[in-house]
Amino acid sequence: MHRSPKVLLASFGTLSLSLALSYGCSSDDEATAPSDAGNVEATAADRKVTTTPDAAGAVDAAVTCEPQDVSAFEPNWQPPAPMRAGRCSPSQAAAFSECSYGHAGYDQAKCDAFNAAPANADCIACAGGATVATAGSTNVNYGGCVAHLTGDKSTAGCGAKIQAAEQCQRAACEKVCPVAAGNDAQFKAYTKCLDDAWTDVCGSFSSATSCADDFRKGTGPGAACYPNTTDFGVIIRTYVDFFCASPAGDGGTDAASDGPHDATSGG
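In terms of this note's numbering, the sequence shown opens at residue 461 and continues consecutively.
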């Protein structure tokens with residue numbers, strides 16, 4: 461899977477409406493061990509990280525942290541909202557995806573305008589459910605997608621198992637691995653903690669996500685939840701479409717303030 465460190469904007473709140481305004485940065489691919497939601501992709505490129513210095517002007521290569529005890533952890537299954545909710549037009553979905561992570565051509569002013577436009581508020585709220593914000597990064601809602609496409613939104617379903625593994629990793633690492641905006645050393649330490657938790661303290665939860673093995677390989681009802689790409693922007697757009705676009709055959713209605721892109725701009 462892909463996980464991008466956040467670029468914090470004026471409004472930020474974990475797992476709230478403002479998580480949609482917390483954008484990730486991505487640059488070169490980095491090979492990793494088992495990833496933060498237990499989704500070992502078919503490619504070696506598991507997440508993208510920046511290589512810019514932190515706020516102090518230098519990266520602290522000595523930053524480390526280790527998973528904490530999660531023996532008291534209990535998963536809290538949060539079933540996904542309905543798919544294809546019809547709350548984002550094609551151009552809104554493209555704009556949200558384009559503004560969701562730092563990349564060449566990222567236009568802060570246009571993205572600020574998109575976020576501030578009242579006509580986009582409902583789409584942004586919906587798209588927030590397609591993503592998952594954590595202490596140090598933004599990811600997509602793999603568990604919710606799998607629950608939808610397998611038709612099992614119960615606590616025993618594969619989607620719930622994926623979400624439980626993610627929650628366990630965050631419980632193991634978020635408090636002991638704080639990530640300041642722009643601090644890549646802290647972000648890398650956090651993601652290493654997640655990977656370590658996956659194979660150690662969260663092992664019982666991670667092993668349960670074997671239910672998604674075929675999906676990750678491109679087969680089975682949940683395969684569409686794992687796009688065959690290393691482009692984080694494409695993955696975000698796929699998920700915004702899954703959760704928030706109009707149902708097939710309904711083109712939706714474009715808002716006048718959709719920008720920064722039109723419906724053909726991709727994302």
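Note that beta-carbon positions come from the ideal geometry of N, C-alpha and C, so glycine has one too.
Quick one: Cα of isoleucine 696 to Cα of aspartate 529, how far?
Looking up residue 696 in the sequence shown gives position 236. Looking up residue 529 in the sequence shown gives position 69. The alpha-carbon atoms of isoleucine 696 and aspartate 529 are separated by roughly 32 Å.
Let me confirm a value: serine 557 is counted as buried when at least 16 other C-beta atoms fall within 10 Å, else exposed. Which label applies?
On the sequence shown, residue 557 is found 97 positions in, with the first residue counted as 1. Buried.
According to the Cβ coordinates, are methionine 543 and phenylalanine 702 closer than 8 Å?
As a working mapping, residue 543 is identified with position 83 in the sequence shown. As a working mapping, residue 702 is identified with position 242 in the sequence shown. Yes.
Please report the distance separating the alpha-carbon of serine 670 from that of alanine 683.
Translated into positions along the sequence shown, residue 670 becomes position 210. Translated into positions along the sequence shown, residue 683 becomes position 223. C-alpha separation (whole angstroms): 13 Å.
In whole angstroms, what separates the C-alpha of alanine 649 from that of lysine 621?
In the sequence shown, the residue the question calls residue 649 occupies position 189. In the sequence shown, the residue the question calls residue 621 occupies position 161. Each residue's Cα considered, the two are about 25 Å apart.
For aspartate 660, count neighbouring C-beta atoms within 10 Å of its own C-beta (all shown protein chains included) and say buried if the count is 16 or more, exposed if not.
In the sequence shown, counting from the first residue as 1, residue 660 sits at position 200. Label assigned to aspartate 660: exposed.
DSSP three-state label for asparagine 601, please.
Taking the first residue of the sequence shown as position 1, residue 601 is located at position 141. Coil.
Nearest CA to the CA of valine 678: which residue from Pro540, Ser560, Val606, Ala579?
In the sequence shown, counting from the first residue as 1, residue 678 sits at position 218. According to the sequence provided, residue 678 is glycine. The question's valine does not apply to it. Among Pro540, Ser560, Val606, Ala579, the Cα nearest to that of glycine 678 is on Val606.
Taking cysteine 586 and cysteine 685 to be in contact with their CB atoms under 8 Å, please state how far apart those CB atoms are, rounded to whole angstroms.
Translated into the one-based positions of the sequence shown, residue 586 becomes position 126. Translated into the one-based positions of the sequence shown, residue 685 becomes position 225. Going by Cβ atoms, the distance from cysteine 586 to cysteine 685 rounds to 17 Å, so no, they are not a contact pair.
When you compare the CB positions of glutamine 552 and asparagine 580, do they come within less than 8 Å of one another, or not?
By 1-based counting over the sequence shown, the position of residue 552 is 92. By 1-based counting over the sequence shown, the position of residue 580 is 120. With respect to asparagine 580, glutamine 552 sits close: the two C-beta atoms are nearer than 8 Å.
If you compare alpha carbons, which of Ala555, Glu626, Lys652, Gly546 is closest to threonine 524?
Counted from its first residue, the sequence shown places residue 524 at position 64. Cα-wise, what sits closest to threonine 524 is Lys652.
Spell out the partners DSSP gives threonine 591 in its beta bridges.
As a working mapping, residue 591 is identified with position 131 in the sequence shown. Its beta-bridge partners are Val600.
Which class does tyrosine 566 belong to by DSSP, given the choice of helix, strand or coil?
The sequence position of residue 566 within the sequence shown is 106, counting from 1. Coil.
Suppose you measure from the CA of proline 550 to the CA of proline 707; what does that come to, to the nearest Å?
The sequence position of residue 550 within the sequence shown is 90, counting from 1. The sequence position of residue 707 within the sequence shown is 247, counting from 1. Roughly 12 Å between the two C-alpha positions.
Is tyrosine 686 helix, strand or coil when you go by DSSP?
For the purposes of this step, residue 686 is taken as the residue at position 226 of the sequence shown. If DSSP states are grouped into helix, strand and coil, tyrosine 686 belongs with coil.
Thinking just about the alpha-carbon of each residue, which of Asp674, Asp612, Ala625 is nearest to the one in aspartate 656?
Position 196 of the sequence shown, counting from 1, holds the residue named residue 656. Residue Ala625 is the option with its Cα nearest to aspartate 656.
May I have the straight-line CA-CA distance separating tyrosine 561 from histidine 608, to the nearest angstrom?
Translated into positions along the sequence shown, residue 561 becomes position 101. Translated into positions along the sequence shown, residue 608 becomes position 148. Computed Cα separation, rounded: 25 Å.
Is proline 540 buried or exposed, if buried means 16 or more other CB atoms sit within 10 Å of its CB?
Counting from 1 along the sequence shown, the entry for residue 540 is found at position 80. With 16 or more other Cβ atoms within 10 Å, it is buried.
Please list, in chain order, all residues of the same chain as proline 638 whose beta carbon is under 6 Å from its beta carbon, the five residues on each side excluded.
The residue you call residue 638 lines up with position 178 of the sequence shown. Hits under 6 Å: none found.
Please name the residue in Ala573, Cys548, Ala672 whose C-alpha comes closest to that of aspartate 582.
For the purposes of this step, residue 582 is taken as the residue at position 122 of the sequence shown. Out of Ala573, Cys548, Ala672, Cys548 has the C-alpha closest to the C-alpha of aspartate 582.
Do cysteine 633 and phenylalanine 533 count as a contact pair if the criterion is CB distance below 8 Å?
Here residue 533 refers to the residue found at position 73 of the sequence shown. Here residue 633 refers to the residue found at position 173 of the sequence shown. No, these two residues do not count as a Cβ contact at 8 Å.
Applying the criterion that 16 or more other CB atoms from any shown protein chain within 10 Å of the CB defines a buried residue, is alanine 616 buried or exposed?
Here residue 616 corresponds to residue number 156 of the sequence shown, with the count starting at 1. Exposed, since its Cβ has fewer than 16 Cβ neighbours within 10 Å.
When the Cα of leucine 654 is compared with those of Ser597, Gly603, Phe692, Val694, which residue comes out closest?
Position 194 of the sequence shown, counting from 1, holds the residue named residue 654. The residue with the shortest Cα to Cα distance from leucine 654 is Ser597.
Using only alpha-carbon positions, find the residue among Ser614, Ala672, Ala645 that is nearest to proline 535.
Taking the sequence shown and counting its residues from 1, the one referred to as residue 535 is at position 75. Among Ser614, Ala672, Ala645, the Cα nearest to that of proline 535 is on Ser614.
Among the candidates Ala668, Arg676, Thr594, His563, whose CA atom is the shortest distance from the CA of phenylalanine 647?
What you label residue 647 is simply residue 187 of the sequence shown in a count that begins at 1. For the residues Ala668, Arg676, Thr594, His563, the minimum Cα distance to phenylalanine 647 belongs to Thr594.
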